[in-house]
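Participant: Structure provided below as structure tokens; questions to follow.
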Amino acid sequence: MKKLLYFTLLIGGLFVFNQSAKAQVNVNINLGSQPMWGPVGYEYVRYYYIPEIDVYYDVASRRYTYLQGNRWVTKSKLPGRYKKFDIYRSYKVVINDRNPWHYHSKNRSRYGHYASHRHQPILRDAPRHHHGRGSHVVERKAPSKHVKHYKKDKNHKKNNNHKHSHKRS
């Protein structure tokens, strides 16, 4: 009886471990499913927030979530009022939180100033390398705006060329 109980627990534990391992593999990378208008440099994206039109795009379901009246709706296409909107030229903010529209006020205040930005490299324009059965996009990180650049001191080499001698006692 004990052997049957241990065997059942072992099989059940293996089943649970196997299911969680499968789920982990499925969510780690979605580079191939990102739209060509998505920004370069991200292996995984859950949502894009498009501040210019206050819309969220779900990469996995390929659907847009936007405010219609006073309700958030999710549709496969943007509403007619955006038919002339060029999504390729708009700035996209990557948000990996669940249901980001629940925090829309915070997102708008944090990222709203990007609405007028037009210089964001997108996947469509990224260089491609061919390896065997197809092509893949070379990932490039977008340059950070906060990187400090320091001028080299002209006298740095002159002052540091002398050798230090250390005597042991």
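In mature numbering (1 follows the signal peptide of the UniProt record, and there is no 0), the protein residues as written are -23 to -1, 1 to 146.
Glycine included, every Cβ here is placed at the ideal spot set by N, Cα and C.
For Val36 and Leu55, which I take to be in contact (beta-carbon distance under 8 Å), what is that distance rounded to the nearest angstrom?
Facilitator: Going by Cβ atoms, the distance from Val36 to Leu55 rounds to 15 Å, so no, they are not a contact pair.
Participant: DSSP three-state call for Val50: helix, strand or coil?
Facilitator: Note: Val50 maps to strand in three-state DSSP.
Participant: Under a Cβ-count criterion, where at least 16 other Cβ atoms within 10 Å of its own Cβ denotes burial, should Ile64 be classed as buried or exposed?
Facilitator: Buried, because 16 or more other Cβ atoms sit within 10 Å of the Cβ of Ile64.
Participant: Do Val70 and Asn84 have their beta-carbon atoms positioned less than 9 Å apart in this structure?
Facilitator: Against a cut-off of 9 Å, the Cβ pair of Val70 and Asn84 comes out as a contact.
Participant: Assign Glu29 to buried or exposed, taking buried as 16 or more other Cβ atoms, counted over all protein chains shown, within 10 Å of its Cβ.
Facilitator: Under this definition Glu29 is a buried residue.
Participant: Closest to Tyr68 by C-alpha separation, out of Tyr25, Lys61 and Thr42, would be which residue?
Facilitator: The residue with the shortest Cα to Cα distance from Tyr68 is Tyr25.
Participant: Buried or exposed: which applies to Val22, given that a residue is buried once 16 or more other Cβ atoms fall within 10 Å of its Cβ?
Facilitator: Buried, since its Cβ has 16 or more Cβ neighbours within 10 Å.
Participant: Following the continuous alpha helix (DSSP H) through Tyr88, name the residue where it begins and the one where it ends.
Facilitator: Residues His81 to Tyr88.
Participant: Please classify Leu21: does DSSP put it in a helix, a strand, or coil?
Facilitator: Residue identity differs from the one stated: residue 21 is Tyr in this sequence, not Leu. Coil.
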